[in-house]
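The working numbering puts the first residue of the sequence shown at 2, with every later residue one more than the last. What follows is a single structure, written as structure tokens, with notes after it.
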Amino acid sequence: MWVKLCCLLLYFLALFVLARVFEAVAWYESGFLATQLVDPVALSFRKLRTILECRGLGHSGLPEKKDVRELVEKSGDLMEGELYSALKEEEASESVSSTNFSGEMHFYELVEDTKDGIWLVQVIANDRSPLVGKVHWEKMVKKVSRFGIRTGTFNCSSDPRYCRRRGWLKSTLIMSVPQTSTSKGKVMLKEYNGRRIEVEHIFKWITAHAASRIKTIYNWEHLKEEWNKSDQYRVKIYLFANLDQPPAFFSALSVKFTGRVEFIFVNVENWDNKSSMAEIGVYKTPSYILRTPEGIYRYGNNTGEFISLRAMDSFLRSLQPEVNDLFVLSLVLVNLMAWMDLFITQGATIKRFVVLISTLGTYNSLLIISWLPVLGFLQLPYLDSFYEYSLKLFRYSNTTTLASWVRADWMFYSSHPALFLSTYLGHGLLIDYFEKKRRRNNNADEVNANNLEWLSSLWDWYTSYLFHPIASFQHFPFDSDWDEDPDLFLERLAFPDLWLHPLIPTDYIKNLPMWRFKCLGVHSDEETFQDSESDSDSENKEVFSSEKEVSEDEELTTFHKEREPGVEPCLCANKYCHHEPYDGKARSYGSSSTAGDMEPDWSAWPAEMLHCTECVVCLENFADGCLLMGLPCGHVFHQNCIVMWLAGGRHCCPVCRWASYKAKQPYTHPPPLASDTPS
């Protein structure tokens with residue numbers, strides 16, 4: 002996770018540097034920067050109209066270029082970046098979708114229950130033609146969509162009862178605007194009563210109703226009173242301008258940030274003494290002033306702070322975010338970080354996508370689970386101070402120059418999604434290259450594995466851990482309350498000897514107890530030891546080989562039948578074992594005939610092991626110094642003999658058939674008699 006987080010931070014740093022490179026290239030080619038002011042006098046009439054349309058100011062009654070230029074100057078300073086964005090938006094011929102309502106519930110859910118936006122709905126009465134024709138309606142949809150106004154069409158033929166109840170007996174236009182200035186307040190529906198159905202007149206009607214929600218100030222006394230007043234709004238934004246009404250983008254933002262930011266329009270058109278505004282820090286008009294508890298911030302002085310809906314929306318979201326904004330941001334960051342796994346993971350292509358899907362599911366689940374207590378935590382009433390301090394931190398950090406650069410880069414890359422995706426892909430390929438180069442020296446098989454090999458290994462792992470018993474990896478002795486093994490009986494019924502035996506991991510063999518067999522009175526140069534992992538690892542590598550799959554009972558018989566009198570067994574390869582010719586007589590388990598009839602040193606044996614002097618696998622006595630291994634059931638064998646037995650797929654004791662990977666109640670030795678003690 003930390004590797005992916007570092008890769009994501011490195012990617013963001015690369016995007017920041019790349020944006021600065023683009024700015025340098027644009028300055029070298031054109032000689033200006035995005036923050037450089039543009040003189041409206043040098044612009045053509047078409048470009049001036051484009052700027053007014055993006056800001057939401059009507060210009061239908063202004064035929065002269067001089068009047069249009071003055072209106073642009075009255076609405077705010079124009080920057081090169083805003084001009085470039087406006088011209089690009091005008092050239093883009095993207096079709097904007099409009100909603101077709103199916104009935105009353107659909108209309109109520111989207112229009113009347115949505116309290117943070119503006120809707121424009123064209124109602125078509127039964128057997129009537131629409132008020133606005135198709136061509137004009139498409140122009141209207143494209144014009145109002147710039148300001149976040151959603152559009153739709155309600156045909157009364159789909160729900161005539163609702164139209165009659167509403168009084169929509171003729172085709173008309175309906176506008177939905179929040180009625181109060183509180184978040185999630187009531188919504189009022191206004192009907193267009195104008196006679197002219199041109200796009201410009203309908204747009205004026207929309208902007209007039211939207212501007213009526215904004216508090217307007219006309220004199221200095223009212224401004225001074227409002228400036229010094231402290232109410233529920235911690236953040237206020239003032240527009241000082243010589244306009245009849247605020248621009249449409251300013252009115253649309255006031256609806257979008259209802260309950261979070263208060264929008265105030267100061268009309269200085271009829272002010273005699275404008276120098277009084279200097280007392281509150283306003284020295285020129287038009288000006289966009291943000292007033293917070295921390296002080297005054299002049300919008301438009303930093304990078305990317307254009308007079309447009311998109312730029313100011315990004316600025317206000319960073320200062321006064323909602324919980325939903327933070328959740329969406331965390332969701333985007335988490336998924337970008339999870340997609341890094343596609344390039345960090347090495348090996349087969351299918352393996353990459355399987356790991357990616359797993360990572361996406363895990364990260365998104367953890368994100369949602371972690372957000373649930375946070376939402377409940379924020380609902381507590383005594384955390385208001387914590388909430389205020391958090392917002393204050395946001396305001397301090399997002400009014401810096403670095404934050405303005407980040408917002409400008411976000412707007413640039415979000416308007417060029419192909420560039421964003423291509424840079425992300427290029428960054429991922431670089432990570433893949435360096436990761437592959439780093440891992441090639443460590444594990445070349447993992448890097449060069451193909452899809453079939455990885456799927457085969459994945460299936461083996463899945464079947465081994467899903468369908469087969471899991472061996473214990475703990476050291477002996479075991480504490481168990483079971484005296485029997487019911488799973489063994491069920492396993493033998495489910496897996497007959499003629500069927501494929503289950504794949505049981507053999508790692509438990511390393512943890513079986515091992516020690517040296519010693520006789521009393523015989524001195525060995527080596528010390529007795531138990532659980533020596535180094536010896537077991539070296540010897541296990543030589544004997545781990547697959548054998549023919551036959552039944553467990555037949556296998557032990559095969560071990561005995563292959564031995565002939567006078568021939569030493571091949572299974573007992575321990576050089577310390579003393580082999581004697583086989584006389585064909587059966588030897589009972591636990592006989593005490595050893596080389597030289599010496600008494601074994603039982604003190605070196607683990608307490609849970611049964612005392613014996615013969616290996617039933619090779620039918621040889623234990624010689625002094627030979628390596629022994631015990632099973633959970635307590636039976637003891639030559640280490641080489643029992644490892645060979647277990648590695649061949651027979652995971653049970655040759656004597657009692659107890660599972661070799663399953664714990665058993667340890668055997669308790671009776672106390673020795675006095676007569677048994679050697680003199």
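For glycine and all other residues, C-beta sits at the position ideal for the given N, C-alpha and C.
Quick check on this structure: which residue in the options has the alpha carbon closest to the alpha carbon of residue i?
| i | options | result |
| --- | --- | --- |
| Pro607 | Met645, Gly631, Lys663 | Gly631 |
| Leu420 | Phe23, Trp372, Thr507, Lys89 | Phe23 |
| Asn641 | His428, Cys634, Cys627, Ser309 | Cys627 |
| Leu334 | Asn365, Phe387, Ala312 | Asn365 |
| Trp228 | Phe250, Gly296, Trp206 | Gly296 |
| Val122 | Arg129, Val142, Phe413 | Val142 |
| Ser315 | Asp273, Leu337, Leu254, Leu361 | Leu254 |
| Phe17 | Pro294, Trp372, Ala404 | Ala404 |
| Arg21 | Phe413, Ser309, Glu436 | Phe413 |
| Trp3 | Gly650, Glu54, Met341 | Met341 |
| Ala211 | Gly118, Leu361, Leu320 | Gly118 |
| Val407 | Thr304, Asn101, Leu394, Ile238 | Thr304 |
| His639 | Tyr397, Cys653, Val618 | Val618 |
| Pro287 | Glu65, Glu71, Val188, Phe623 | Glu71 |
| Ala648 | Leu6, Lys511, Ala312, Arg261 | Lys511 |
| Cys7 | Leu337, Pro514, Glu389 | Leu337 |
| Val236 | Val262, Trp221, Asn243, Arg214 | Val262 |
| Ser309 | Cys657, Leu9, Arg47, Gly82 | Gly82 |
| Pro655 | Gln666, Cys634, Ala664, Lys665 | Cys634 |
| Pro64 | Arg56, Gly57, Leu49 | Leu49 |
| Asp68 | Lys89, Cys55, Pro41 | Pro41 |
If we count the other Cβ atoms within 10 Å of its Cβ and call it buried at 16 or more, is residue i buried or exposed?
| i | result |
| --- | --- |
| Asn156 | buried |
| His1 | For residue 1 there is no data in the structure shown, the boundaries of the chain being 2 and 680. |
| Phe258 | buried |
| Ser86 | buried |
| Glu600 | exposed |
| Asn271 | exposed |
| Cys520 | buried |
| Phe387 | exposed |
| Phe241 | buried |
| Thr401 | exposed |
| Gln246 | buried |
| Tyr300 | buried |
| Glu534 | The predicted position of Glu534 is uncertain, since its pLDDT is 44 and thus under 50; no value can be drawn from it. |
| Leu44 | buried |
| Phe378 | exposed |
| Glu226 | exposed |
| Ser319 | buried |
| Phe490 | With a pLDDT of only 45 at Phe490, under 50, the local geometry of the prediction cannot be trusted, and the value read off the model is given with reservation. By the 10 Å Cβ count, Phe490 comes out exposed. |
| Lys438 | exposed |
| Glu389 | exposed |
| Pro374 | exposed |
| Val329 | exposed |
To the nearest whole angstrom, what separates the beta carbons of residue i and residue j, a pair I think is in contact under 8 Å?
| i | j | result |
| --- | --- | --- |
| Pro248 | Ser76 | 6 Å |
| His428 | Ala15 | 6 Å |
| Val136 | Phe204 | Not really, about 16 Å apart at Cβ, beyond 8 Å. |
| Tyr298 | Leu291 | 4 Å |
| Thr346 | Val356 | 5 Å |
| Val637 | Cys613 | 6 Å |
| Ser99 | Thr152 | 5 Å |
| Thr424 | Leu170 | About 56 Å; that fails the 8 Å criterion. |
| Val73 | Pro179 | With a Cβ gap of about 30 Å, Val73 and Pro179 do not count as contacting. |
| Ile215 | Ile265 | 7 Å |
Going by DSSP, name the residue or residues bridged to residue i.
| i | result |
| --- | --- |
| Phe316 | Phe316 pairs with nothing; no bridge assigned. |
| His639 | Leu629 |
| Val656 | Looking at the DSSP assignment, Val656 forms no beta bridge with any residue, so it has no partner. |
| Gly104 | In the DSSP output, where bridge partners are listed per residue, Gly104 has none listed. |
| Gln246 | Gln246 pairs with nothing; no bridge assigned. |
| Arg299 | Ile290 |
| Met515 | Met630 |
| Asn622 | Glu615 |
| Glu192 | Ile175 |
| Asn156 | Ile125 |
| Arg151 | Trp120 |
| Cys520 | Pro601 |
| Thr217 | Phe266 |
| Arg237 | First, the residue type needs correcting, since residue 237 is Lys and not Arg in the sequence shown. Answer is Glu263, Arg292, bridged to Lys237. |
| Leu38 | Met80 |
Inset, instruction - Flag this pair as touching only if the segment 95-112 and the segment 276-285 have three or more C-beta atom pairs under 8 Å; answer yes or no. - result: no
Legend entry - the segment 190-203 contacting the segment 170-178, beta-carbon criterion three pairs below 8 Å: yes
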